[in-house]
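Engineer: Following this message is one structure expressed as structure tokens.
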Amino acid sequence: MSRYSATEIEAKWQKAWDKAGVFAATRSADKPKYYVLEMFPYPSGRIHIGHVRNYTMGDVIARYKRSTGHNVLHPMGFDAFGMPAENAAMASGGHPKDWTYDNIREMVAQMKPMGFSIDWSRMFATCDPDYYGQQQALFLDFLEKGLVYRKNAVVNWDPVDMTVLANEQVIDGKGWRSGAEVERRELTQWFFRISDFSEELLDALDGLENWPAKVRLMQENWIGKSRGLQFSFDRTDEGGPIEVYTTRPDTLMGASFVGISPDHPIAKALEAENPHIADFVARCRRGGTTEEALEKAEKLGLDTGIRVKHPLNPDWELPVWIANFILMDYGTGAIFGCPAHDQRDLDFCRKYDLPVIDTFLALDDPKPVENEAFVPPKTEKVRWINHFAGLDVATGQEAIDATIDFAEAQGWGTGVTRFRLRDWGLSRQRYWGCPIPVVHCDACGVVPERKENLPIELPYDEGGKPIDFSVPGNPLDRHPTWRDCACPNCGGAARRETDTMDTFVDSSWYFVRFTAPKADTPTDLTEAGYWMNVDQYIGGIEHAILHLLYSRFFARAMHICGHLPEKSIEPFDALFTQGMVTHAIYVTRDENDRPVYHFPEDVEIHESGARLGATGEEVEIIPSAKMSKSKKNVVDPVQIIRDFGADTARWFVLSDSPPERDVEWTAAGAEAAHKHLTRVWNLCDRIAAMDPDAGGDGDEALLREMHKAVHDVTLGIESFGFNAAIARLYAFTNTLSKSRAGAAAQKRAIMTLAQLMSPMTPHLSEDIWARQGGEGLIATAPWPVADPAYLVDDTVTLPIQINGKRRAEISVPKDMDKAEVEKAALATDAVQRALNGGAPRKVIVVPGRIVNVVV
RNA sequence: GCGGGCGUGAUGGAAUGGUAGACAUAUCGGACUUAAAAUCCGAAGGGCCUGGUCCCGUGUGGGUUCGAGUCCCACCGCCCGCACCA
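According to the numbering used here, the first sequence holds residues 162 to 1016 in order.
This is how it looks when you write it as structure tokens:
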């Protein structure tokens, strides 16, 4: 008997696939195409077991679709620009470019042994000048179509390092290196006009039927369409009116103050002349720019002294406050506060002793607001207190609509639709990104670079020396020569834009570039027309909003510029979001009670816990958390392949956990997966050794199970139920190994089993196929089809419930009609006993499923 | 803080509103063996008068239904995102 040696067979079959070129994506008219794509990785240097799970899922789909007669495109590349490369250069010298390409080489070397059916000839990295040069061409086309513009926007400013910080570099409101309190500062930056597409991006979500509902909902909320009232408050002094926007105009009678953003023009004007207000506004600008930081910050306010008149009652004056929680980006940067029906406004009013005025009360419990705002759903009916539009009992939504109509009829306000979605700021004040291809000319202003000068490449050196990342700030900005250029317009001396692009730009069109990775235009319309759209996109839920929304915008913009056919403005037909791979964390404490983390391989598990292999010290086990290098709870795929082989790793990451959920990596689980594959290997040996003419018992039963397995596994793969498909394969393997059927039936069964396993364990399956005398490669063999005649049993077992609890079961022919089934059910002992001579109150018969008798 | 999701045996999990715990891990018992490993066979949610087709069981508390792990409401815990991490 032979032994299962994953190392031998995996290398062997990978060579065979290469030689046969089975994974090269080719266009042809005779087959339908199928484009499967996993979100491409950042080249951190090591592949992560989470990557393995992600790419294995995609590979299962790719291999399955190939065997069901599709031309499959399954590419791989690298999202290679971004901060980690600069951080590495800062931390240990070296150049971001070298670091990145070294990492890519290393990761490819780690991915190849996994046996993914990838067309490696299409691989590229976003930091290849070939790629980012085409991205610059796209930028210029967008610029020409008015899809890009410049405006001021706030950034995190480190006042000590005099540099812009990313959100993740702001820790507790302080710069990560200097420790200085971060400020919000305005800078002129480039923006994509994604908000012009708000309505369309929202409406088109309905068509994305094969996206998870939760992702569509998250995008809908992110785009945030709202209808409200825009109107103005007249000032009691000489100043002009203050425009406000509100989604709850029905609460106008409960207004107790008008709030303006610290960045509102009025606040800025006051800041210039009033030191007290300048101090306050400066205080508001402290801290990071994230919405989370703004929402969690202490709510601060300052009375400007300005007074405005209530639009419905000129004698009613309201104070104007500057408040730090009002965003200049949303609406008009000014609101009115209604504390009775908004918790934040209520907290603000209690803090600054402003009045609280109820405008409506609950029908069942009409009590005035104390310290909890009354905010019922807009669909709930409430009682209004002298509402100006004459409402009495009505829902919030009815009141909003009536108020807008009323204001429009009286001419003091307008119903307005607004979106939360802001334009996409793409400027980054960093080196390791795609340069923005424009120049600044004193004579001509901002001038686009000529396309024939693309790519505008990043300089590798500065003045013969490697670029210095030990100094804060953007090396391009202080580069001695790179900035100097001739104005494409007048030919005079000019300076390059030194901002580079957000890495989300890189990942917003790479999926199109895979269809023609070497084209000398951004896309090749023939190739894109054939391969697009992505039929199945697979990636993490953390990209549910930004990456996917930006890509949807980019596809539209590319279509407008003629780089994509109209059918591709929604580039991803189906989306699947997979879970993470997690692992327990092992911790001991040092003398100061600080945690010390340990790698899983350094820890020995015993009955009551775990201890360090080296010292025997007891280790605390923190259950299952996202893998991270700092916590050392990482599992290295390379180690797993060395120990068990790629097929085991692939099998394990798909089994046990549903793909959309997190999976816990355990050494025991990996061993168990390997044991099972060995069992299948041995089964193949046993069957191969049978006398080919040997008869046996139960051929028919084995075939029946085989066809059911084909049916269930096929359904499992098509519905991303990989764990269920694998459970089914376990069950079928158990059936086969106990079968006494004849040689022919068993051989047929093991070959079918190998095929059903082949998307998950392609090497092992290929080997079994060859040893059983299968024709050609299993990778190109057609997928087995279940014969429906074998799928239905003649009799079914029906559970009998009494009052919803299972009390008995009956076995009946599958076609037995309802009345007969009811008769049989009522005749059972359990039902007779429960009825105790009486008649049932009700009998529910669900054919083929269940009988419920209500007594 | 806001938006979205998840919660089932010791463990990972299965279950178109219809027999809760498929399949697997760990555990225990048996076979084989001088012994162990490997392999094979079997048991197994908890409880109790320890074989009764008995009671209790899907984070907690309510609700809808003939019937709820599944649908609705509230709460608790954990995870993801919040526009310069990718």
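Cβ coordinates follow ideal geometry from the N, Cα and C atoms, glycine included. Computed from a predicted model, the values in this text were never measured in an experiment.
Starting from P264 and walking both ways along the alpha helix (DSSP H), at which residues does that stretch end?
Structural biologist: Going by the sequence as given, residue 264 is Asn instead of Pro. Start and end: 257-272.
Engineer: Suppose you measure from the CA of A888 to the CA of R674; what does that come to, to the nearest Å?
Structural biologist: 38 Å
Engineer: Please classify L959 as buried or exposed, where buried requires at least 16 neighbouring CB atoms within 10 angstroms.
Structural biologist: buried
Engineer: According to DSSP, is E768 helix, strand or coil?
Structural biologist: Residue placement at E768 is flagged as unreliable, the pLDDT there being 49, under the threshold of 50; a coordinate-derived value is accordingly withheld.
Engineer: DSSP three-state call for Q800: helix, strand or coil?
Structural biologist: Helix.
Engineer: Could you compute how far the alpha carbon of G903 sits from the alpha carbon of A855?
Structural biologist: 6 Å
Engineer: Taking DSSP as the reference, what is the three-state secondary structure of M489?
Structural biologist: coil
Engineer: What's the C-alpha gap between W383 and R581?
Structural biologist: 7 Å
Engineer: Please list the terminal residues of the continuous beta strand (DSSP E) segment that includes R1026.
Structural biologist: What is shown of the chain runs 162 to 1016, which leaves residue 1026 out entirely.
Engineer: If I follow the unbroken alpha helix (DSSP H) through P923, where does it start and stop?
Structural biologist: 923-932
Engineer: To the nearest angstrom, how far is it from the Cα of M244 to the Cα of G206?
Structural biologist: 14 Å
Engineer: Starting from the N-terminal side, write out each stretch of the beta strand (DSSP E) that is 3 residues or longer and does not extend beyond the stretch 484-544.
Structural biologist: 495-498, 521-523
Engineer: Report back the beta-carbon spacing between D696 and D734 to the nearest angstrom; my notes put them in contact at under 8 Å.
Structural biologist: 5 Å
Engineer: Determine contact between the stretch 537-551 and the stretch 423-437, defined as no fewer than three beta-carbon pairs at a distance below 8 Å.
Structural biologist: no
Engineer: Since I421 sits in a beta bridge, which residues does DSSP pair it with?
Structural biologist: I483, A495
Engineer: Can you give the Cα-Cα distance for L897 and I222, rounded to whole angstroms?
Structural biologist: 26 Å
Engineer: Among E727, S393, T776, whose alpha-carbon lies nearest the alpha-carbon of T749?
Structural biologist: Answer by Cα proximity: T776.
Engineer: Could you give the C-beta distance for Q296 and C605, rounded to a whole number, given that I count them as a contact under 8 Å?
Structural biologist: 24 Å between Cβ atoms; not a contact.
Engineer: Taking all protein chains shown into account, decide if E768 is buried (16 or more other Cβ within 10 angstroms of its Cβ) or exposed.
Structural biologist: Because E768 sits at a pLDDT of 49, beneath the cut-off of 50, its placement in the model cannot be relied upon, and the point is left open.
Engineer: Look at the alpha carbon of D948 and the alpha carbon of A716, and state the distance between them as a whole number of angstroms.
Structural biologist: 43 Å
Engineer: Over the uninterrupted beta strand (DSSP E) stretch that includes W318, give me the two end residues.
Structural biologist: 309-319
Engineer: Excluding sequence positions up to five away, which residues of its chain have a Cβ less than 8 Å from the Cβ of A991?
Structural biologist: I961, I963, R968, A969
Engineer: Which residues bound the beta strand (DSSP E) around W351?
Structural biologist: 344-353
Engineer: Compare the beta carbon distance of R345 and S278 with 9 Å and say whether it is the shorter of the two.
Structural biologist: no
Engineer: Name the residue from A915, T941, G1009 whose alpha carbon lies nearest to the alpha carbon of D954.
Structural biologist: G1009
Engineer: Specify the secondary structure class of I438 as computed by DSSP and reduced to three states.
Structural biologist: helix
Engineer: Pop quiz: V309 and A341 are said to be a contact at Cβ under 8 Å. What is the actual Cβ separation, rounded to whole angstroms?
Structural biologist: About 33 Å separates the two Cβ atoms, so there is no contact after all.
Engineer: Grab the span of the beta strand (DSSP E) containing I195 for me, first residue to last.
Structural biologist: Per the sequence shown, the amino acid found at residue 195 is Tyr instead of Ile. Segment 194-199, the beta strand (DSSP E) holding Y195.
Engineer: Nearest CA to the CA of T941: which residue from T520, A177, A327?
Structural biologist: A177
Engineer: Suppose contacts are defined by Cβ-Cβ distances below 9 Å. Is A270 in contact with G806 by that definition?
Structural biologist: Cβ distance not < 9 Å, so A270 and G806 don't count as in contact.
Engineer: Within a Cβ cutoff of 7 Å, which residues of the same chain sit near S189, ignoring the five residues on either side of it in sequence?
Structural biologist: N232
Engineer: Using only CA atoms, which one of L479, R444, I208 lies nearest to R396?
Structural biologist: L479
Engineer: Along the alpha helix (DSSP H) that carries F883, what are the first and last residues, could you check?
Structural biologist: 883-899
Engineer: What are the complete alpha helix (DSSP H) segments, minimum 4 residues, inside the stretch 615-676?
Structural biologist: 664-667, 671-674
Engineer: For the beta strand (DSSP E) that L959 lies in, which residues bound it at each end?
Structural biologist: 956-963
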